[in-house]
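Quick notes on the structure that follows.
There are 2 protein chains.
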Amino acid sequence: MADRGIPTTNAFRVQDELREEILTGTLPPGARLRAEPLAERLRTSRTPVREALILLAREGLVDIEPRRGAVVRSFDAADLLDLYDVRGLIEPHAARRAATRIDAPGLARLAELCALAEARGAADDAAVEDQVGFNEEFHRIIVDAAGSPRLEAAMRAVAGIPRAFRKAFWRDDAQREQSLFCHGQLVDALEGRRPHFAEAVMRMHIVGATEFLTEVIHDDADAP
Amino acid sequence: MADRGIPTTNAFRVQDELREEILTGTLPPGARLRAEPLAERLRTSRTPVREALILLAREGLVDIEPRRGAVVRSFDAADLLDLYDVRGLIEPHAARRAATRIDAPGLARLAELCALAEARGAADDAAVEDQVGFNEEFHRIIVDAAGSPRLEAAMRAVAGIPRAFRKAFWRDDAQREQSLFCHGQLVDALEGRRPHFAEAVMRMHIVGATEFLTEVIHDDADAP
DNA sequence: ATCACGGGAATTGGATGCAATCAGGGCGCG
DNA sequence: CGCGCCCTGATTGCATCCAATTCCCGTGAT
């Protein structure tokens with residue numbers, strides 16, 4: 001019988017909801033996260049909220065100081081570069097592994113995401129947000145397809161940063177073109193079981209993004 | 225003023241104690257982790273124990289099935305190879321970064337650990353356990369010295385596996401010699417600020433260990 | 001005016017109570 | 001004799017309660 005829903009615990013649901021609110025910016029950096037109001041808003045008690053906050057602290061999305069409460073972590077240019085440095089390490093490796101392991105549904109979804117991204121464009125803000133979402137799923141599929149639980153765990157321990165930081169990519173025409181092209185090449189590489197090429201494409205993709213980021217950061221000092 | 229003690233919460237203390245017991249094998253794979261007995265043994269209540277268990281699940285050391293309890297995770301050869309695959313990715317990168325960032329106390333401690341390891345040998349079981357401990361600290365110092373919070377996080381998300389699996393290294397003379405030599409070369413590389421060489425040594429070190437592991441696994445099917 | 005200090009409110013970490021769920025065993029039925 | 005179902009005990013997950021700490025603000029001294 002198909003498992004309807006996910007019979008998981010309340011703490012994990014809260015964790016997911018709070019993570020989403022932090023990544024979208026609904027809960028901005030610096031926002032205090034007091035247990036009682038959150039519990040009330042999310043229809044539960046302080047205990048699961050507390051567990052969720054501890055997990056999010058582990059993910060690097062919130063700072064907890066014992067006895068003093070939790071706040072949404074603040075991110076700066078250094079964080080962004082640090083994140084991309086680690087992504088530039090992990091994801092090419094993941095792409096290489098994925099090339100010999102990814103299954104048909106995964107490939108199909110990647111191709112679909114490419115098509116969606118091509119079609120969606122970046123006309124308005126909503127379109128840009130969709131692009132960020134497509135991109136996230138694309139990269140996550142590849143890391144998952146690498147078939148290494150620990151690589152997944154490493155990526156999860158590192159992946160989160162408010163999405164606002166990423167929008168710049170999709171607003172820049174050259175960068176968007178590069179991304180779409182790389183994604184297409186990646187699908188080809190994975191489909192053709194070419195691990196070396198997949199790795200190389202992914203490396204180009206992320207190094208390119210990193211350098212673009214560096215430029216942007218230097219230009220407008222810090223306005224995500 | 226020097227912060228005496230660690231003003232941390234109880235849940236983290238429990239987490240550390242349980243992690244240690246799992247890594248040393250005091251809590252063997254498959255052992256059920258019921259909240260109440262643990263709470264009593266660790267002089268606290270079920271709440272912090274529960275939080276600790278959730279965190280350890282995130283580290284991959286325990287399995288939690290909602291409503292059914294927690295057990296110490298079982299590890300197999302595939303886990304070990306997966307772990308070393310990711311270490312082989314992360315640690316050379318960390319070594320390269322550390323070469324331009326590590327400070328004098330860090331270097332001094334690394335040299336000290338080398339000396340201790342040389343002196344300690346591997347005569348009896350206690351000596352082997354000490355070697356495993358020295359080795360753990362050596363590698364952790366380098367990852368920390370890389371100065372990348374996310375690289376540290378990635379490593380922490382991945383690092384745990386019962387120490388029994390690692391003892392084989394230090395019982396094998398050739399392998400122990402290789403390890404000691406590489407560690408010495410690493411100290412030289414870091415001290416001389418030679419990032420490329422540090423990376424190369426670390427890569428050799430871990431690939432060597434991985435291949436040794438593969439051999440051992442094939443030999444005696446699965447007896448850590 | 002600034003700063004140190006004290007007291008009360010707010011808030012967290014931890015302990016405990018309670019309902020829901022799961023395991024296990026005895027009973028009835030085929 | 002084997003199989004499945006219900007009932008009971010155990011255990012979790014969540015809600016609530018309590019103590020300890022921290023925050024905040026007003027007061028007074030310098």
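Chains as they are written, first to last, in this note's numbering: chain A, 1 to 224; chain B, 225 to 448. Quick reminder that beta carbons are idealized off the backbone N, C-alpha and C, glycines included.
So, is the C-beta of residue i closer than 9 Å to a C-beta in chain B?
| i | result |
| --- | --- |
| residue 33/A | no |
| residue 210/A | no |
| residue 156/A | yes |
| residue 67/A | yes |
| residue 86/A | yes |
| residue 9/A | yes |
| residue 130/A | no |
| residue 183/A | no |
| residue 151/A | yes |
| residue 148/A | yes |
| residue 102/A | no |
| residue 23/A | no |
| residue 196/A | no |
Any beta carbon of chain A sitting closer than 9 Å to that of residue i?
| i | result |
| --- | --- |
| residue 430/B | no |
| residue 363/B | no |
| residue 275/B | yes |
| residue 306/B | yes |
| residue 271/B | yes |
| residue 400/B | no |
| residue 284/B | yes |
| residue 303/B | yes |
| residue 242/B | no |
| residue 280/B | no |
| residue 441/B | no |
When the Cα of residue i is compared with those of the options, which residue comes out closest?
| i | options | result |
| --- | --- | --- |
| residue 43/A | 17/A, 73/A, 28/A | 17/A |
| residue 205/A | 158/A, 89/A, 101/A, 144/A | 89/A |
| residue 193/A | 134/A, 97/A, 80/A, 93/A | 97/A |
| residue 58/A | 361/B, 315/B, 379/B, 257/B | 379/B |
| residue 94/A | 131/A, 139/A, 62/A, 123/A | 139/A |
| residue 372/B | 82/A, 171/A, 124/A | 82/A |
| residue 190/A | 118/A, 161/A, 105/A | 105/A |
| residue 33/A | 23/A, 45/A, 49/A | 49/A |
| residue 231/A | 103/A, 75/A, 178/A | The structure shown does not extend to residue 231/A, since chain A is modelled only from 1 to 224, so the question has no answer here. |
| residue 333/B | 376/B, 410/B, 394/B | 410/B |
| residue 233/B | 61/A, 67/A, 8/A | 67/A |
| residue 86/A | 157/A, 121/A, 183/A | 157/A |
| residue 180/A | 60/A, 31/A, 121/A, 13/A | 121/A |
Looking at the unbroken alpha helix (DSSP H) that takes in residue i, where does it start and where does it end?
| i | result |
| --- | --- |
| residue 356/B | 349–369 |
| residue 424/B | 419–443 |
| residue 251/B | From DSSP, residue 251/B is part of no alpha helix (DSSP H); its letter is neither H nor E. |
| residue 278/B | 270–282 |
| residue 151/A | 149–156 |
| residue 75/A | First-last for residue 75/A: undefined, no H or E at that position. |
| residue 165/A | 164–171 |
Can you grab the Cα-Cα spacing for the pair residue i / residue j, in whole Å?
| i | j | result |
| --- | --- | --- |
| residue 203/A | residue 335/B | 35 Å |
| residue 446/B | residue 392/B | Its pLDDT being 49, under 50, residue 446/B is placed unreliably in this model, and the coordinates cannot settle the point. |
| residue 324/B | residue 369/B | 9 Å |
| residue 159/A | residue 135/A | 13 Å |
| residue 39/A | residue 55/A | 16 Å |
| residue 91/A | residue 420/B | 21 Å |
| residue 243/B | residue 293/B | 17 Å |
| residue 431/B | residue 295/B | 32 Å |
| residue 126/A | residue 173/A | 16 Å |
| residue 437/B | residue 107/A | 33 Å |
| residue 27/A | residue 21/A | 5 Å |
| residue 308/B | residue 114/A | 33 Å |
| residue 340/B | residue 356/B | 12 Å |
| residue 217/B | residue 137/A | No statement about residue 217/B is possible, as the shown extent of chain B runs from 225 to 448 and does not include it. |
| residue 102/A | residue 23/A | 28 Å |
| residue 276/B | residue 175/A | 43 Å |
| residue 77/A | residue 259/B | 42 Å |
| residue 143/A | residue 151/A | 7 Å |
| residue 215/A | residue 209/A | 10 Å |
| residue 11/A | residue 47/A | 8 Å |
| residue 424/B | residue 406/B | 10 Å |
| residue 45/A | residue 29/A | 24 Å |
| residue 394/B | residue 184/A | 47 Å |
| residue 64/A | residue 73/A | 9 Å |
| residue 4/A | residue 354/B | The predicted position of residue 4/A is uncertain, since its pLDDT is 45 and thus under 50; a value taken from the coordinates is nonetheless stated next. Using only the alpha carbons, I get a separation of about 50 Å. |
Kindly identify the DSSP beta-bridge partner or partners of residue i.
| i | result |
| --- | --- |
| residue 320/B | The partner list for residue 320/B (beta bridge, DSSP) is empty, contrary to what the question assumes. |
| residue 177/A | Per DSSP, none; premise fails for residue 177/A. |
| residue 33/A | 70/A |
| residue 118/A | DSSP, once it has assigned bridges, lists no residue as partnering residue 118/A. |
| residue 289/B | 293/B |
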